[in-house]
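Asker: Below is one structure. I have some questions about it.
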Amino acid sequence: MSDIHRYASVALVGLPNSGKSTLLNALVGEKVAAVSQMPQTTRGRILGVVQRGATQLAFLDTPGVHKAEHALNFRMLQHVDTVLADADLILWVVDADGFLGPGEKELAKRLKGAQQPVYLVLNKIDLVSKGRLLEKIVAYKDLLEFREILPVGAKLSQNLEPLWATMERDAPEGEWQFDDETFTDQTERGMAAEFIREKVLRKTKEEVPHGVAVVISRWIEAGHDDFPEDLDPSGLYLEVEILVERPGHRKILLGSGGEMIRDIRQSAQRELKKLLQRPVRLDLHIKVDEGWRDRPDKLDRLGL
Ligand SMILES: Nc1nc2c(ncn2[C@@H]2O[C@H](COP(=O)(O)OP(=O)(O)OP(=O)(O)O)[C@@H](O)[C@H]2O)c(=O)[nH]1
Ligand SMILES: [Mg+2]
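Written out as C-alpha cells, the structure is:
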C-alpha cells in the first residue's frame, strides 16, 4: 500500500428532508443519524467516519437549512455554518423529486462563495424518471460552479460508487484524523435518545415533532436495585423523558388508551436492541415544558 494518506471532512448540507442523514447512514454503512419524513429531523452536527483504501472521509451531517423561528432553530443553523466553514468538500444534497424553490436559491447563493469544491448530489433517483432527472440537472447546473453533479439513491444505496470515486480523488493528501475503529463521536446515550426521538417523529404529525426532545434520565444495568427482575441480565433498562411543548401534544403522544406511546416504545426498543446489541426496556415519561425551544439554559442542558 502506498504511504500517501488522504483525508477529507465532507459536509452534507441541503434543505430539510432532502435525505442528508439517509445518505450519511448509507455511506457509513451503520445507522448513525435519525431519519424521518418530518423536516428538521437532524438538530446538530453528526459525524460519520469511513475508510476507503488510503483515504479517510469524515462526513458531517447537518440540520436542513430553514427559516429559524425559535432559539433552537438558530442553534441548528449555527451547526450548518460551522460545518461549512471547516469542511474540505461540500455535498449539497437535493431532493430530485422536489422543486427548485427560494430556499434552494438562497442556499445556492451561499455556496457560491465557498472556497471548497461543491458537489450537487441529486438524491431520491428511485422516485424520478430519467427525463425528470435531466430536467433537474439543467435547472441546477448553472446556479454555481459544481465540481460534480451526481445522482444517487441514498435509501437503496443506489449509484454511490461514482460519488465515492470523486470524493477519493478530491480528498487532499494528509494524515487521518481518526483511528480506523471510530465511526462516530456520538455516545451510545446520545444515539439512543436520537433514535427514540426518531420513532416519535415517524408517528406524529404537524407541530408535535418540532416541539419534542428526548433525554435518557437513567441508564440502569443488571445488579442495580431498580433493574427489573423479569428482564434478562444482559439487558438494559432506560428511564426516558420525552419533552413536549403543550398538554395537547402529550395527549397525542399517549394516544387513545395509551396505544401511541406503546407503539413508540416497542419500535424504539427494537431499534435500540440493534444499536446496543442487547435487550432494552424503556420506561417513557412524557413531560410538558412549554417554550423549551426558546430557553437557552434548557437547550444547553439538552446539549442542543
Ligand atoms: N424514496 C426515497 N426516499 C428517500 C431517499 N433518501 C431519503 N429518503 C426519505 O426522505 C425522508 C427524509 O430523509 P432524511 O435523511 O431524514 O432527510 P434529511 O435531509 O436528513 O432531513 P433533515 O434532517 O430534516 O434536514 C425520509 O423519509 C427518507 O426515508 C431516497 O433515496 N429515496
Ligand atoms: Mg437529517
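Reading the sequence shown from the start, the letters are residues -12 to 291 in the numbering used here.
Cβ atoms here follow ideal geometry from the backbone N, Cα and C, with glycine treated the same way.
1. On the DSSP letters alone, give me the boundaries of the alpha helix (DSSP H) that Q253 sits inside.
2. Can you look up W163 in the DSSP assignment and give me helix, strand or coil?
3. Report yes if the C-beta distance between S23 and L188 is below 8 Å; otherwise report no.
4. For T114, which of V81, K96 and I136 has the nearest alpha-carbon?
5. Just how far apart, CA to CA, sit G1 and K7?
6. Closer than 8 Å is the cut-off here; do at least three beta carbon pairs connect the stretch 255 to 274 with the stretch 225 to 234?
7. Is the beta carbon of Q164 less than 8 Å from the beta carbon of Q43?
8. Using a Cβ-based criterion (distance less than 7 Å to any ligand heavy atom), does S5 qualify as near ligand 1?
9. Please go through the same chain and pick out, in chain order, the residues whose beta-carbon is closer than 7 Å to the beta-carbon of L286, but skip the five residues on each side of it.
10. Per DSSP, what kind of secondary structure is F86 in: helix, strand or coil?
11. Are there three or more Cβ pairs, one per stretch, closer than 8 Å when the stretch 233 to 248 is compared with the stretch 183 to 203?
12. Check whether the Cβ of S8 lies closer than 7 Å to any heavy atom of ligand 1, and answer yes or no.
13. Going by DSSP, what residue range makes up the beta strand (DSSP E) through Q306?
14. Whole angstroms are fine: how far does the CA of D129 sit from the CA of W79?
15. Check whether the stretch 15 to 29 touches the stretch 100 to 120, taking contact to mean three or more Cβ pairs, one atom from each stretch, closer than 8 Å.
16. Tell me the start and end of each unbroken beta strand (DSSP E) in the stretch 157 to 234 that is at least 3 residues and wholly inside, in chain order.
17. Is G140 helix, strand or coil by DSSP?
18. Do the CB positions of L76 and P104 come within less than 8 Å of each other?
19. Can you tell me where the alpha helix (DSSP H) with D113 in it begins and where it stops?
20. Let me check you understand the geometry: is the CB of A141 closer than 7 Å to at least one non-hydrogen atom of ligand 1?
21. Whose C-alpha, out of L87, E185 and N146, is nearest the C-alpha of K111?
22. Using CA atoms only, rank isn't needed, just tell me which of L263, S243 and K186 is closest to W206.
23. Would V67 pass as a contact of G35 if the rule is Cβ separation under 8 Å?
24. Are there any heavy atoms of ligand 2 lying less than 7 Å away from the beta-carbon of A41, as far as the coordinates show?
25. Do you know whose CA, among L11, G140, E132 and I183, lies nearest L109's CA?
26. Please name the residue, chosen from P149, Y127 and K261, that lies closest to K99 on a Cα-to-Cα basis.
27. Per DSSP, which residues does T42 bridge with? Please list them.
28. Between the beta-carbon of R282 and the beta-carbon of A21, is there less than 8 Å?
29. Classify A(-2) as helix, strand or coil using the three-state DSSP reduction.
30. Thinking C-alpha only, which one of I136, P215, F133 and E175 is nearest V19?
31. Count the other C-beta atoms from every protein chain shown that fall within 10 angstroms of the C-beta of A45, then say buried if there are 16 or more, exposed otherwise.
32. Tell me where the alpha helix (DSSP H) around H66 begins and ends.
Answerer: Here's the rundown:
1. E246 to L263
2. coil
3. yes
4. Here residue 114 turns out to be Leu, not Thr, going by the sequence shown. It is V81.
5. 7 Å
6. yes
7. yes
8. yes
9. A58, L59 and R62
10. coil
11. yes
12. yes
13. The structure shown has nothing for residue 306, since the chain only spans -12 to 291.
14. 14 Å
15. no
16. 200 to 208 and 223 to 231
17. strand
18. yes
19. Segment: none, D113 is in no alpha helix (DSSP H) and carries neither H nor E.
20. yes
21. N146
22. L263
23. no
24. no
25. G140
26. Y127
27. R(-7) and R39
28. no
29. strand
30. E175
31. buried
32. A58 to D73
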